[in-house]
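Here is the structure we will look at, set down as structure tokens.
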Amino acid sequence: MSGNPECEAERDGTLVAALGGRSIVLVGMMGAGKTTVGRRLAARLAIPFTDADAEIEAAAGQSISDIFSAHGEAAFRDGERRVIARLLENGPQVLATGGGAFTQAETRDKIAAQGISVWLRADFDTLFQRVRRRNHRPLLQTDNPEEVLRDLMEKRYPDYEKADVTVTTRNVPHEVVVGEIVDALAGKLGLAETQQ
């Protein structure tokens, strides 16, 4: 990255143009930073940000925890699949998905057809430090959230590895991760690095 704001803005505009109607779809575990980083990425690229979980809650008129409690995970995943398919029609945008969305083959295929997937990868310690501060994660409402998180990582990482690009999140400023995502996307889209 050049560090020159004018060069960055030009490169960012070229990246958005190269997306066409495709969405940048952030995938990864809960706590990876999909929503926080996604908002900043969208602001940098001057495209809309959409949080799939918020859209699911709006469509259902219930929180995700309530959907899980009342209808179970299978019903939630079905609704999630339908909402994400609808949202993918609205690109270009940055779309943050729930942690389990990319593990569903039909959703993964839809994302591959209409977006570029970015896996925000994080290690266990980083994820656990972030998610233990919040109690709204339905899959972690258990006596042993550490074990559940490790199990989810083991099950989900093989699917996440199918993403178009991978960027590691860690305890650095969000803008650093945003810059790494932009660099990875530029590489994936075959855009030349902007030089000073």
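Numbering (our numbering), first residue to last: 230 to 425.
Where a beta carbon is used, it is the ideal one built from N, C-alpha and C, also for glycine.
These figures come from a predicted structure and were not determined experimentally.
Item	Value
In the structure shown, what three-state DSSP assignment does residue 275 receive?	coil
Whole angstroms is fine: what's the gap from residue 414's alpha carbon to residue 385's?	22 angstroms
By the three-class DSSP mapping on this structure, what secondary structure does residue 332 have?	helix
For residue 275 and residue 264, I'd like the C-alpha separation in whole angstroms.	16 angstroms
Quick check on DSSP: helix, strand or coil for residue 265?	helix
Name the DSSP bridge partner or partners of residue 398?	According to DSSP, which records beta bridges pairwise, residue 398 is partnered with nothing at all.
Quick check: what's the CA-CA separation for residue 301 versus residue 320?	30 angstroms
From the DSSP secondary-structure annotation, give me the bridge partner or partners of residue 350.	397
Throw me the rounded Cβ distance for the residue 360 and residue 262 pair, which I believe falls under 8 angstroms.	11 angstroms between Cβ atoms; not a contact.
Any idea what DSSP makes of residue 425, helix, strand or coil?	Annotation note: pLDDT 39 at residue 425 (below 50); position unreliable, no value reported.
From the DSSP secondary-structure annotation, give me the bridge partner or partners of residue 344.	252
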